[in-house]
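Each residue of the sequence shown is one higher than the one before, starting from 523 at the first, in the working numbering.
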Amino acid sequence: MTQRGRGRLLTGAAPYACSRVKGQSALTIFTCGDRGTSGLKRTVKRPFTTFLGVDLGGGRGKTTAVAELRATADGVEVCEVATRSDKLAWTDETLIHRLADGHVEATVVAIDAPLTRPACNRCERPVCPGMEACVDPAVVWLRTEGRSLVRKVAASVSGDRPRVLQHVAQARLAPYAHRGTEVSLTYGRGLLPVSSLGAGNGGIAARAGQLRRRMRGAGFELHRNLIEVSPAATIAALCGLRASRGYKRDADPWRTRAVILERLSDLTFAPRSRMAREDVLQNDHCFDALISAYTAYRWAHDGWPDPEGSFAEDGWIVVPP
């Protein structure tokens with residue numbers, strides 16, 4: 523559970539309604555503006571059949587939820603959505619046991635929390651040269667491409683003078699707080715609110731990093747069968763900004779979530795999932811866990827590109843291209 527889905531969203535993202543084009547599925551989306559997709563490789567099909575989504579909360583596990591989806595002939599079905607493991611909260615141990623319990627080679631885990639740290643927090647240099655002189659690829663990207671994206675948005679909003687725009691870009695991006703993937707999704711595609719910047723720090727990010735290291739021992743590797751996701755960004759890309767804002771903040775979020783689920787035509791609920799649909803509609807942690815798992819399914823089934831260059835190490839939030 524992060525702050526990615528809250529706050530003011532920038533303009534230039536997908537329209538509210540999902541678009542249908544002759545010969546293509548109902549979930550084919552067309553967005554406007556700078557897509558900010560630098561750092562992607564070619565399309566890759568992935569043979570996973572089980573998709574686990576985690577809305578990660580604090581270490582006590584009270585705000586963590588897990589969803590399990592499995593591939594079917596027509597798409598994917600929800601098998602389980604849970605805020606607890608039997609009667610136990612999703613502590614580190616219960617969560618690791620649940621995620622690693624199964625066929626690793628057929629499973630992909632999608633976590634709604636930062637799985638990498640900003641560049642400065644990974645750096646091992648004893649003396650910092652400063653952002654302007656740093657040669658780390660992730661810092662170079664922030665200094666060049668990142669600032670360019672910020673300036674474009676600032677110019678479209680305020681029309682300030684070039685010197686002012688340059689100062690705004692420098693002030694907003696810091697390699698000890700920001701990752702390129704968040705900057706790209708916020709200023710390049712407009713899928714995340716400005717408040718999402720800096721999510722790579724804090725208690726939940728620290729827990730996510732420890733979880734990633736623990737899962738490596740169970741056979742899960744980042745960008746292979748472990749991915750970082752943002753439910754809010756996925757919903758914004760597939761169903762528009764209005765839906766991504768409203769599924770948590772509307773006066774009647776239950777209805778907004780129901781509309782979103784209805785639009786995911788390849789998603790169904792298995793008979794054995796019992797009350798999963800009601801839990802998803804009533805509980806935002808359950809809903810985020812389900813969308814996380816669904817993002818993993820689309821990533822594998824549709825062959826969304828993998829990150830390359832500095833994004834492979836700096837981190838990549840998987841969203842619909």
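Note that beta-carbon positions come from the ideal geometry of N, C-alpha and C, so glycine has one too.
Requested in this report: Taking only runs that begin and end inside the segment 744 to 787, name each unbroken beta strand (DSSP E) of 3 or more residues, in chain order.
Outcome: 748 to 751
Query raised in the report: By Cβ distance, which residues of its chain are closer than 6 Å to residue 593, with the 5 residues on each side in sequence left out?
Result: 571
Query raised in the report: Is residue 603 buried or exposed, if buried means 16 or more other CB atoms sit within 10 Å of its CB?
Result: buried
Query raised in the report: What are the uninterrupted segments assigned as beta strand (DSSP E) that are 3 or more residues long and contained completely in the segment 612 to 655, given in chain order?
Result: 629 to 633
Query - Rounded Cβ spacing between residue 596 and residue 788 (contact assumed at less than 8 Å) - result: 7 Å
Query raised in the report: Of all Cβ atoms in chain C, is any one closer than 8 Å to the Cβ of residue 731?
Result: Of the protein chains in this structure there is only one, and it is not chain C.
Query raised in the report: Which residues mark the beginning and the end of the beta strand (DSSP E) in which residue 575 is found?
Result: 572 to 577
Query - At least three beta-carbon pairs within less than 8 Å, the segment 724 to 735 to the segment 768 to 787 - result: no
Query raised in the report: Is the segment 825 to 842 close to the segment 749 to 758, with three or more CB pairs under 8 Å?
Result: yes
Report task. Would you identify the three-state DSSP class for residue 830, choosing helix, strand or coil? Result -> coil
Requested in this report: Under 8 Å by Cβ, that's how I've got residue 591 and residue 819 pegged, so tell me the actual separation to the nearest angstrom.
Outcome: 6 Å
Query raised in the report: Which residues mark the beginning and the end of the alpha helix (DSSP H) in which residue 855 is found?
Result: No information on residue 855 is available, as it lies outside the stretch 523 to 843 that the chain covers here.
Query - residue 498 vs residue 694 beta-carbon contact at 8 Å - result: Since the displayed the chain opens at 523 and closes at 843, residue 498 lies outside it and no answer follows.
Query raised in the report: Between which two residues does the beta strand (DSSP E) harbouring residue 592 extend?
Result: 587 to 593
Requested in this report: Report the residue from 589, 659 and 738 whose alpha carbon sits nearest the alpha carbon of residue 627.
Outcome: 738
Query raised in the report: Do residue 517 and residue 598 have their CB atoms nearer than 8 Å?
Result: Since the first and last residues shown for the chain are 523 and 843, residue 517 lies out of range.
Query - residue 840, DSSP secondary structure in three states - result: strand
Query raised in the report: Opposite residue 604 in the DSSP bridges: which residues?
Result: 588
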